[in-house]
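What follows is one structure encoded as C-alpha cells, with my remarks underneath.
There are 2 protein chains.
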Amino acid sequence: MKISTKGRYALRLMLDIAINGSVNPVPLKDTAERQSISVKYLEQIISSLVRGGLVSSIRGPQGGYRLIKAPSEYTVGMILRQVEGSLVPVACLEDGVEGCSRQIECVTLRIWKELDQAIRGVVDKYTLEDLMIWQEEMGDNYVI
Amino acid sequence: MKISTKGRYALRLMLDIAINGSVNPVPLKDTAERQSISVKYLEQIISSLVRGGLVSSIRGPQGGYRLIKAPSEYTVGMILRQVEGSLVPVACLEDGVEGCSRQIECVTLRIWKELDQAIRGVVDKYTLEDLMIWQEEMGDNYVI
DNA sequence: TCATTTACCTAGTGTGTCAATATGAATTAT
DNA sequence: ATAATTCATATTGACACACTAGGTAAATGA
Chain A
0 MKISTKGRYA LRLMLDIAIN GSVNPVPLKD TAERQSISVK YLEQIISSLV
50 RGGLVSSIRG PQGGYRLIKA PSEYTVGMIL RQVEGSLVPV ACLEDGVEGC
100 SRQIECVTLR IWKELDQAIR GVVDKYTLED LMIWQEEMGD NYVI
Chain B
0 MKISTKGRYA LRLMLDIAIN GSVNPVPLKD TAERQSISVK YLEQIISSLV
50 RGGLVSSIRG PQGGYRLIKA PSEYTVGMIL RQVEGSLVPV ACLEDGVEGC
100 SRQIECVTLR IWKELDQAIR GVVDKYTLED LMIWQEEMGD NYVI
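Protein chains in written order, with numbering that gives the first Met the number 0: chain A, 0 to 143; chain B, 0 to 143.
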C-alpha cells in the first residue's frame, strides 16, 4: 500500500520542470542535482512521461524536457498513474477486468470501491499548479 | 499501491469467524472451504491475528478461533494493519520515523498526508459489524 | 491409552517487483 | 569535431509476495 519511488520522483521531476522550465527546456542533469536523484534513474522515469505524452523532449546541447500543457492541466493522479500504473487498491477494480467470481456476493468489494474513490478524490484534486503555489508560499529559502 | 492478499484474506477470515462463530469456535478448515483459501495460508494469517490479540484460539477437536470482542469493535483498518503493517502511502509518514531531510521544504508531503487521511477515513470508518449487515442484506442465497 | 482433530511453528520456494546501475547508441548545438 | 543531451536495453541485488511443506504440541473422546 505504498507509492513507489518512481511515483514520488516523477512528481518531483514534473514539479522541477514546471518551476525551472518556463523559458528553456530542463535537462535531466539539472533536475538530478536539485533533487538528488541519479540521472540514470530519472531517465527511466522521464521516458515513461514522454511516452505518456506528459512532456516533450529536445535533444542535444541546450536540450531537455518541457511540459506540454499548463501546470494546472496535470493532476497528481495523472502523473502517478503514468509511471506507477493504476492506483486502484485491489486488482478486481482494474479497468478492463471483469472482476472475480465472487463479485456479486463480495461485501469487501464495497470497502475497496470506497477506498478507490477516496484515493482518487485526493490525487485527482490537486494539480502541478497547486504544488507550485505551495512551493512559492514556502519562500525562496528552500530550493525544491 | 495495492492491498495484498494477506490483507484481503484476513478481512474475509475475520468476517467468516464473525458470521459462523457465534456459538462454537470456527476451525480454519471450515473457513478454508467456505472461502476457497488454503488452510496453510490461513494459518499464517490467523497467527498474526492471534498475536495481535484480535482472535483467541482453542486447540484440539471442536477447537478453532473466536473473536475476542464484538464485531463492532473491529475496524477494517485494525485488521488490515495487523497483517499488512502500516497503511501509510509513503515511508516518511510512518510512526516513529522523523521524516527525511527534505521534510520542511517538501510540498509533495502535503499530498501524502491528505492521501493518508483519506485512506484512514475509509478503513477506520467501517467495522466487521457493517460487513455482517451488508452480508445479510444480500440475502442467504450467497454464502460468504 | 491411543487415534484424531485441531492449533502452532519454522523453513523453503518460485516468481516478480523495486530501485537502481551500466553500457552504449543516436541526435544536435556550437 | 566535440560535447551535451536524449534514447534504448540489459543487468543487478535485494526483498516482498503468495504460497507450500513438514513437523510439533495440545486437547478430546472412544
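Cβ atoms here follow ideal geometry from the backbone N, Cα and C, with glycine treated the same way.
query	result
Given that Tyr125 of chain B touches chain A, what residues does it touch there, using C-beta distances under 9 Å?	Arg109, Ile110 and Glu113
If you measure beta-carbon to beta-carbon, which residues of the segment 81 to 92 of chain B are closer than 9 Å to chain A?	Glu83, Gly84, Ser85, Leu86, Val87, Pro88, Val89 and Ala90
To which residues does DSSP link Ile147 of chain A through a beta bridge?	Given a span of 0 to 143 for chain A in the structure shown, any question on residue 147 of chain A remains unanswerable.
Let me see if you follow: with CB-CB separation under 8 Å, is Ala117 of chain A close to chain B or not?	yes
Which chain B residues are close to Val122 of chain A, counting only those with a beta carbon under 8 Å from its beta carbon?	Ile110 and Leu114
Name the residue from B:Val82, B:Cys105 and B:Met137 whose alpha carbon lies nearest to the alpha carbon of Arg109 of chain A.	B:Met137
Spell out whether any CB of chain B is found under 8 Å from the CB atom of Arg33 of chain A.	no
Have a look at Gly30 of chain B and Ile16 of chain B and give me their C-alpha separation to the nearest angstrom.	Position check: residue 30 of chain B holds Thr in this sequence, whereas Gly was assumed. C-alpha separation (whole angstroms): 8 Å.
Let's test the definition: count the other Cβ atoms within 10 Å of the Cβ of Cys105 of chain B and tell me whether it reaches 16, buried, or not, exposed.	buried
Can you have a look at Val82 of chain A and say buried or exposed, based on whether 16 or more other CB atoms are within 10 angstroms of its CB?	buried
Please list, in chain order, all residues of the same chain as Asn140 of chain B whose beta carbon is under 7 Å from its beta carbon, the five residues on each side excluded.	Only weak support exists for where Asn140 of chain B lies, its pLDDT of 49 falling under 50; the value from the coordinates is given anyway. Correct list: empty, nothing qualifies.
Return the bridge partner residues of Val144 of chain A from the DSSP annotation.	In the structure displayed, chain A extends from 0 to 143; residue 144 of chain A sits before or after that span and is not available.
Can you say whether Gln116 of chain B is buried or exposed, counting buried as having 16 or more other CB atoms within 10 angstroms of its CB?	exposed
Can you grab the Cα-Cα spacing for the pair Pro24 of chain B / Leu66 of chain B, in whole Å?	9 Å
Roughly how many whole angstroms lie between the Cα atoms of Lys28 of chain A and Val22 of chain A?	17 Å
Mind checking if Val75 of chain B is an interface residue toward chain A, Cβ cutoff 8 Å exclusive?	yes
Determine the direct distance from the alpha carbon of Leu14 of chain B to that of Met131 of chain B, and round the result to whole angstroms.	7 Å
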